[in-house]
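Here the structure comes first, spelled out in structure tokens, and everything after it is commentary.
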């Protein structure tokens, strides 16, 4: 792959990236969340088309328009979420779309033989071809998926975070399998957040940051700390102008909450950050905190509420609001108007009794549209017609309309343009320093470390499902946070 | 109101005008004589009132397949109550109450078993139909003649329209206002549009859904009352397949089976379109099968048109 470029709207996701992998080689692809790894792999596998750049396989030009074309050309992706048919058997999955037939009928015997041979070649003949895929463990399903890629003749395998849902033993067996495939002459791209895995299994590595190559080389000659340093890069600019914050009383106490093993207090006038890798359990913890998932252990105190139960409704009542990381499927109702989305949690002031007067609803929404500069045709426009950044502002405005004291923001700036980002940073700053009303408390989860360091007073790292003790943000660096998050330890 | 929602609403209205003009020309001016219009209103009333309830269900992202059976059960319950010596008003209340109870049960099953509404109401469609047949001993139930039989009868003098038609119009206004001007209405659309978001925002999903299905049961009970008025007997086999007419009226009127959209005004226009086709075809002497093909084509066309419109809007 050479000089690959890809833009989404105003965002340049890939800005001239090069990547090559030789036969019989494992190449590690690393970078922070949002560095462009997934986009690059989507281009490689035909799910997206590059705006510019060239790709070749074995010297021949390669420009897949669909994942099927990519597979025909010999490139297979093994995603984090497996793409098998869970109700079919192993052999049916293996030969899906390429079933052997005899006189127009399925040749089950040939199918079984082919499947057994493919699995044996991988050293996993313990998996029966007749087994239903849904009954297998995740690790075994992964093997089936790899076997399928090989069965249709793929020479280039891309594994995206393959160990994220595997235990230690399964991960070791997977590594053994990868070495075996390497010895058989396959080319493998290995994507992982876990630097120690990359140093253990790969021959070479490539680091992406902000859609560009920032480094790479022989793995044997690199230390984990050096790779992390490349991932993190230089500090960004002055997006984060601090006002004066007064740390007040504790508004939220989290005491040994499971999932997350979290203990901390959140104070008025404070911005508290949670860092961690995707899949480390940050979002799960937030959802439990907000009553969207059960809290298994521990205690939450917010306002007058104290306990471990409670629903989102109780949280809103207690003065806590959540901004979902998944704007489209949980944050907003895209078919409904801006006004409906914005006022849904607090319709009470919009009319006498159980009524909602459209005029007052529109008026309430217009207030926030003006306050935080949401670009839209008006409060009646459907939320789905706005740009990502403006949708996010609508979702945030809901928390302001509700006038919550504690704002819980999950990836507040994911996938939005730079100017909306800056506006949201300024808004968070204003909320935490108060002014028009007593200061609020803000809890932010973000994958983007500069953002956390720029905004937060204290930061805690979620690592493999456990929230580490919070630390003052002032002295922290991205490098330290990344080492914590990846479990690499002090360098 | 955005330009798009005007187009959405006007779409059904344009359809109604086109259909009305076509049949007006085909049948002749007597098609619009007051008597004929009233005939159509009477014909549409039963589907219409049930479809008003279905509008709420569909806006909330649900579906209710049991309304046809509930209509039959209501007629049986009213006839049995009258036979047992209850007055007309209590008998009507019993009939409507039985149907509302069925709706309540639908709502409870859907929310507590967490089974999709399609399956739950497919089941209750059979259960309620069976219950109606069992109660009636698989026969029609003759009932004494009361003013309940006059609900759809032409009124001379000041009333202008049959009492039942006034009732349907009253229900339409009430439910339209409920959807547009109350917290409940906003919650219905929030759930139908994005249930996960509604949950995140603290909307009482279980309670709202149960209320939605109960309300639909109540209005279906009113449809059953009108059906009884028309038949003057309790008939456990009446209304087979009525749920499909009811759903069709909502869909033609701009409701979306994926939830979050639907309006009472649209639904009434949808029911009117179907009735005009029905009556127009029969007055033109066209066979029943022609009506069915035309109605089917209209449903597909309405939804396809809607797809095109909303694809442009995005």
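Chains as they are written, first to last, in my numbering: chain A, 102 to 592; chain B, 519 to 832. The C-beta atom is built at its ideal place from N, Cα and C for all residues, glycine as well. Since this is a predicted model, take the numbers as computed values, not measurements.
Proximity test, Cβ basis, 7 Å: residue i and chain A
i             : result
residue 718/B : yes
residue 732/B : no
residue 700/B : yes
residue 708/B : yes
residue 715/B : yes
residue 825/B : no
residue 712/B : yes
residue 704/B : yes
residue 530/B : no
Beta carbon proximity, residue i to chain B, threshold 7 Å
i             : result
residue 167/A : no
residue 431/A : yes
residue 422/A : no
residue 446/A : yes
residue 440/A : no
residue 214/A : no
residue 394/A : no
residue 389/A : no
residue 437/A : yes
residue 434/A : yes
residue 425/A : yes
Residue from the options whose Cα sits closest to the Cα of residue i
i             : options                    : result
residue 679/B : 816/B, 752/B, 542/B, 555/B : 555/B
residue 329/A : 550/A, 554/A, 431/A, 575/A : 550/A
residue 788/B : 772/B, 796/B, 698/B        : 772/B
residue 569/B : 620/B, 551/B, 589/B, 548/B : 589/B
residue 277/A : 225/A, 237/A, 294/A, 327/A : 225/A
residue 622/B : 560/B, 737/B, 768/B, 535/B : 737/B
residue 550/B : 797/B, 810/B, 817/B        : 797/B
residue 627/B : 665/B, 812/B, 586/B, 730/B : 730/B
residue 308/A : 261/A, 130/A, 236/A        : 130/A
residue 192/A : 247/A, 486/A, 500/A        : 247/A
residue 718/B : 113/A, 196/A, 511/A        : 511/A
residue 217/A : 427/A, 484/A, 581/A, 245/A : 245/A
residue 652/B : 824/B, 734/B, 591/B        : 591/B
residue 670/B : 607/B, 545/B, 681/B, 664/B : 681/B
residue 383/A : 400/A, 363/A, 392/A        : 363/A
Buried/exposed call for residue i, threshold 16 Cβ in 10 Å
i             : result
residue 210/A : exposed
residue 413/A : buried
residue 657/B : exposed
residue 632/B : exposed
residue 463/A : buried
residue 564/B : buried
residue 508/A : buried
residue 458/A : exposed
residue 417/A : buried
residue 644/B : exposed
residue 593/A : The requested residue 593/A is not part of the displayed model; chain A covers only 102 to 592.
residue 533/B : buried
residue 336/A : Summary for residue 336/A: the model assigns pLDDT 48, below 50, so the residue's position carries little reliability; its value from the coordinates is reported in the next sentence. Residue 336/A comes out exposed.
residue 423/A : buried
residue 165/A : buried
residue 806/B : exposed
residue 663/B : exposed
residue 357/A : exposed
What residues from the segment 774-792 of chain B come within 7 Å of chain A, judged by C-beta to C-beta, listed N to C? 778, 779
Cβ contact check for the segment 687-697 of chain B and the segment 721-728 of chain B: 3 or more pairs under 8 Å: no
Say whether the segment 574-590 of chain A touches the segment 361-380 of chain A, bearing in mind that this needs 3 or more beta-carbon pairs closer than 8 Å, one atom from each stretch. yes
Chain A contacts made by the segment 548-566 of chain B, where a contact means CB separation under 7 Å: none
Does the segment 196-209 of chain A come within contact of the segment 133-153 of chain A, defined as at least 3 CB pairs closer than 8 Å? no
Between the segment 396-421 of chain A and chain B, which residues of the former have a C-beta closer than 9 Å to a C-beta of the latter? 412, 413, 414, 415, 416, 417, 418
Interface positions of the segment 483-503 of chain A facing chain B (Cβ-Cβ less than 8 Å), listed along the chain: 483, 485, 486, 499
At a cut of 8 Å, does the segment 123-131 of chain A reach the segment 279-292 of chain A through at least three beta carbon pairs? yes
Would you call the segment 530-542 of chain A and the segment 441-448 of chain A touching, i.e. three or more CB-CB distances under 8 Å? no
To be precise: take each residue of the segment 449-482 of chain A, compare its Cβ to all Cβ atoms of chain B, and keep it if any distance is under 9 Å. Which residues remain? 449, 451, 452, 454, 455, 456, 457, 458, 459, 462, 478, 479, 481, 482
Select from the segment 515-542 of chain A all residues with a C-beta closer than 9 Å to any C-beta belonging to chain B, and list them in chain order. none
May I ask you to verify whether the segment 538-552 of chain A touches the segment 298-318 of chain A, counting CB pairs closer than 8 Å and requiring at least 3? no
Kindly confirm or deny that the segment 150-166 of chain A and the segment 223-243 of chain A touch, where touching means at least three C-beta pairs closer than 8 Å. no
Contacting positions in the segment 682-693 of chain B - beta carbon closer than 8 Å to chain C: Reference to chain C is not applicable here, since the protein chains of this structure are A and B.
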